[in-house]
Amino acid sequence: MPPKQNQNIKNRNQPTNLHGNSNPPVDFSLKETSPSLGGGRASGIERVGTAFDLVEQMEYLFLRVVKAKELPTKDGNGSPDPFVEVKLGSLKAITKNFENISNPEWNQVFSILSDRIQSPGLEVLVRDKGRTADDLIGMTMFDIVEVPKRVPPDSPLAPQWYRLENKKGDKVRGDLMLAVWIGTQADEAFPEAFHLDAMAVSGDGIANIRSKVYLSPRLWYLRVNVIEALDLQLADRNRQQPEISVKVSLGNVSLKTKISLIKNLSPFWNEDLIFVVAEPFEEQLALSVEDKVGSNKDEVLGKCVIPLNNVEKRLDFKTPVSRWYGLEKHSVSENGQKNLVKLNSRVHLRISLDGGYHVLDELTHLSSDFKPTAKQLWRPGIGVLELGILSAHGLSAMKMTKDGHGVTDAYCVVKYGQKWIRTRTILNSMNPKWNEQYTWEVFDPCTVVTVGVFDNCHLQGADKGGGAGARDSKIGKVRIRLSTLETDRVYTHSYPLIVLSPSGVKKMGEVQLAVRFSCSSLLNMLQIYTRPLLPNLHHQHPLTQYQIERLRYQATQIVSMRLSRAEPPLRKEVVDYMLDVGSNSWSLRRSRAIVFRIASIFSGVVAFYKWFNGICTWRKPISTVFVHVALLIFVSFPRMILSTFFLYLLVIGICKYRVRPRHPPHMDIILSHADRALPDELDEEFDTNPSSRPADVIKLRYDRLRNVGSWMQITAADLANQGERFYSLLSWRDPRATALFLIFCFIACIVVYFTPFQAIVVVWGFYAMRHPRFRDKHPSMPINFFKRLPAQTDCLL
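In this text, residue positions in the sequence shown follow the working numbering: the first is -5, and each later residue adds one.
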């Protein structure tokens, strides 16, 4: 590799061009911006109490078409089929059409961005769809210069009656009630307005371009404790030792107990099966008792269906009420019909909805919510997150029109807690401007908000890429950890949108955001750092890592299905991308990145060894003499060892305050090793699982390697997270956590100085070896504090 490319690899903001050509390197860095927020009324850390102070003010021309009266037909008899056409230069839009009515009521709002107005006059024409020749009933015109301005919280502008005229300016029969004004995106009419520059989209496509707010379904863990069964009836009554198990199904998810060790007609299991369900409970629990009669054959001994609406909901791990459920079985009558027949067989179950857990639908270290399912267990909120989605620029063309031009119809999706938001779609623009602002209540500062940018492929027309099988293309996403933000400061940055594909890493453009995290009580927020990350049941009755991953997959499928049924739908490919579905699959690139993260953690130990080796070899005599003197002092005054250690950490933390990170973390392609991944490694990463490669032997080995490697990757990633959290104690990445740790260092420095060292050792030893009855199942305060510290997972692709 030439020296120039080597230099580019070392530069974190300008990585090497991936295709080996002479094009200039792509800039993947984060840029601070200075937009005119709130119409120039807010900047820096100033606070303006308006609902749109984190976005740039955009002026729109609004037209509300309310109703008409006494409209005639062409021959003056009967009633017309009226509709209204709005014309502004080359832009046109129409209202819905009524049939055979003289006094129609439309109550529709149209809008157009002021910058796109290219005509001095606005024409409003009332037409009759039933006419065969000139369908014009009457019209009225407005001069754009004379339109009044309105800024909330002013009351809505009252509509007025306007007398209709013909093309010559003569009065005609009929009146039209309208309201015309110039406002901003803060106007209450803005969300439901029909944008004139987007009226090329019609039908179902109109709903797909509007901004909407979605709520994730309320998820529960459903625990089915299969205890025993009685009086089972076998088809082969001579069978001595049946191998009986219970299969429980919920939707398309099925779990099965182990074969009972009691091999008779009254088997016993006492085994828990856990599912994820969502309110409202639409599906029923299907249970079947099966006998294994062959290597691949199970005989159904009985089944039952249990509705979930009456299942007991519990907040703790109190034993739920057990019930006996009668079994049924299909029998074939003489005419060949299948009928359900009640049996004397019964099955004993404990079924409960566990509300004390948090149902994970995101990766734990990237989660936006840690609240338990039951609202009775929620703690009060500690702050507010405000996010302004300003604009994007330099977006890549995502699809081609019929004339061969590349276009992008971009929209943003933001996920935090149970609330999802979707901005409106800006059509045919590589530099879209949204300027939409949203707010979330914050219950935990150690959470992550995710912003994704997508291309809308569900608009009307073949040139828009519409169709039943179309999928919205991902342009990139941004993650922001709230604990890395200073309180009440407005962060305005342009984030690079990075996507990794089989052809390599690519910058798809940049998205400009404004973020502010406000805290209602600093004391309450600092107390959060001493509490467990997850609710109590996760520590009192923990789930295994396998159960967590399996239940998370169920949760993501349920959330995806429910949001895809909204109007407009938030589609599966969008939800999966936002929830990082499949991110734990095997990847040689990710594994290499984790190994280098671990190596970076232990680089401090290596540096200390080299320094001490230099002291021992007298490479720097003055330093060696100083170390000898320090050794004599510590031996003479051993209680100064810990005091000096904490004082050293305190000084380092204070010194690093000046060079603390000033910007939120963002996607880092070098940390992710995305800039150095080889084509065959990317082909492996984006390969299907099972593999699609033709060689059967290679396929089996390849799948086995990926499955084993994914678990090794998770373990190594957890190790890397712990090490990076240790380094973040003094890095000021989380300013509140670092401040708390420095306060602890100051107090510890004083305590260990005035307390005899022997007493400290005795107290620590007795505490570490205390009897189990004096131990709590919850993690200690230092462990809770440590687990909340940020790691570099926020910066990984």
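All C-beta atoms, glycine included, are put in the ideal place defined by N, C-alpha and C.
The model shown is predicted, which means the values in this text are computed figures rather than measured ones.
Point to revise | DSSP three-state assignment for A173, whether helix, strand or coil | key: strand
Review point. E675 lies in the alpha helix (DSSP H); which residues open and close that run?
Key: 673 to 679
Review point. By Cβ distance, which residues of its chain are closer than 6 Å to V218, with the 5 residues on each side in sequence left out?
Key: Taken in chain order, the residues that qualify are V242, L267, I345.
Exercise for review: Give the range of the alpha helix (DSSP H) segment to which P729 is assigned.
Suggested key: 729 to 748
Exercise for review: For N97, I'd like the list of residues in its chain whose CB is within less than 8 Å of its CB, leaving aside the five on either flank, ordered along the chain.
Suggested key: K61, A62, K63, E64, L65
**Study point:** Buried versus exposed call for C451 [16 or more other C-beta atoms within 10 Å across all chains shown]
**Key:** buried
Point to revise | Residue interval of the beta strand (DSSP E) (run including G608) | key: That residue, G608, is in no beta strand (DSSP E); its alpha helix (DSSP H) goes 597 to 610.
Practice item. Under the assumption that Y523 contacts A731 (Cβ atoms under 8 Å), give the Cβ distance between them as a whole number of angstroms. Key: Y523 to A731, Cβ: 6 Å. Contact.
**Study point:** Span of the alpha helix (DSSP H), counted from its first residue to its last, around V757
**Key:** Bounds of the alpha helix (DSSP H) holding V757 are 751 to 762.
Practice item. Just the C-alpha distance for V145 and I300, rounded to the nearest angstrom, thanks. Key: If you draw a straight line from the Cα of V145 to the Cα of I300, it comes to about 56 Å.
Practice item. Answer yes or no: do L421 and L453 have a C-beta to C-beta separation smaller than 9 Å? Key: yes
Exercise for review: Check whether the Cβ atoms of N264 and Q235 lie closer than 9 Å to each other.
Suggested key: Cβ distance not < 9 Å, so N264 and Q235 don't count as in contact.
Point to revise | Validate contact between the segment 713 to 731 and the segment 604 to 618 using beta carbons, cut 8 Å, 3 pairs | key: no
Review point. Quick one, which of N101, G576, R231 has its alpha-carbon nearest P153's?
Key: N101
Review point. Are the CB atoms of F188 and I200 nearer to each other than 9 Å?
Key: yes
**Study point:** 9 Å Cβ cutoff met for I552 and V270
**Key:** Yes, these two residues count as a Cβ contact at 9 Å.
Review point. Leaving out the 5 sequence neighbours to the left and right, which residues in its chain are closer than 7 Å to L12 when beta-carbon positions are compared?
Key: Per-residue confidence for L12 stands at a pLDDT of 39, beneath the threshold of 50, marking its modelled position as unreliable; the derived number appears in the next sentence. Excluding residues up to 5 positions away in sequence, G498, V499, D669 lie with their Cβ nearer than 7 Å to the Cβ of L12 in the same chain.
**Study point:** Rounded straight-line distance, which links the Cα of L209 to that of K413
**Key:** 5 Å
Review point. By DSSP, does F639 sit in helix, in strand, or in coil?
Key: Collapsing the DSSP output to three states places F639 in a helix.
Point to revise | Proximity below 9 Å, CB of Y405 to CB of W434 | key: Cβ atoms of Y405 and W434: not closer than 9 Å.
Exercise for review: Would you identify the three-state DSSP class for I88, choosing helix, strand or coil?
Suggested key: If DSSP states are grouped into helix, strand and coil, I88 belongs with the strands.
Review point. Buried or exposed: where does L573 fall if 16 or more other Cβ atoms within 10 Å of its Cβ makes it buried?
Key: buried
**Study point:** Cβ-based burial, G34 [other Cβ within 10 Å; buried from 16]
**Key:** Because the pLDDT of G34 is 48, which lies under 50, any placement of that residue in the model is unreliable, and the question is left without a value.
Check your understanding: When every heavy atom of the ligand ADP is checked, does at least one fall within less than 8 Å of the C-beta of I474?
Key -> The ligand ADP is absent from the structure shown, which contains no ligand whatsoever.
Check your understanding: So, do the segment 390 to 410 and the segment 525 to 534 have three or more beta carbon pairs nearer to each other than 8 Å?
Key -> no
Practice item. Could you tell me which of S239, S254, V447, I256 sits nearest to S248, measuring between CA atoms? Key: S239
Review point. Assuming R473 contacts L360 under a Cβ cut-off of 8 Å, what Cβ separation, rounded to an integer in Å, is found between them?
Key: Rounded to the nearest angstrom, the Cβ distance from R473 to L360 is 7 Å, consistent with a contact under 8 Å.
Check your understanding: The alpha helix (DSSP H) spanning N425 covers which residue range?
Key -> No alpha helix (DSSP H) contains N425, which DSSP labels as neither H nor E.
Point to revise | Nearest-angstrom Cα separation, counted from V407 out to W155 | key: Distance between the alpha carbons of W155 and V407 is about 41 Å.
Practice item. Taking D570 as part of the alpha helix (DSSP H), name the residues at either end of that continuous run. Key: In the DSSP annotation of this structure, the continuous segment of the alpha helix (DSSP H) that includes D570 starts and ends at 566 to 572.
Review point. Should S254 be labelled buried (16 or more other beta-carbon atoms within 10 Å of its own) or exposed?
Key: buried
Practice item. Taking D191 as the reference, give the member of D109, W214, V569 with the closest Cα. Key: D109
Review point. With Q828 and S339 assumed to form a contact (beta carbons below 8 Å), what rounded beta-carbon distance in angstroms separates them?
Key: Within the shown structure, residues of the chain are numbered from -5 to 791, placing residue 828 beyond reach of any answer.
Practice item. Determine the direct distance from the alpha carbon of V378 to that of G296, and round the result to whole angstroms. Key: 53 Å
Review point. Terminal residues of the continuous beta strand (DSSP E) containing Y156?
Key: 154 to 159
Review point. Using 8 Å as the threshold, is the segment 177 to 185 in touch with the segment 302 to 313, meaning 3 or more CB pairs across them?
Key: no
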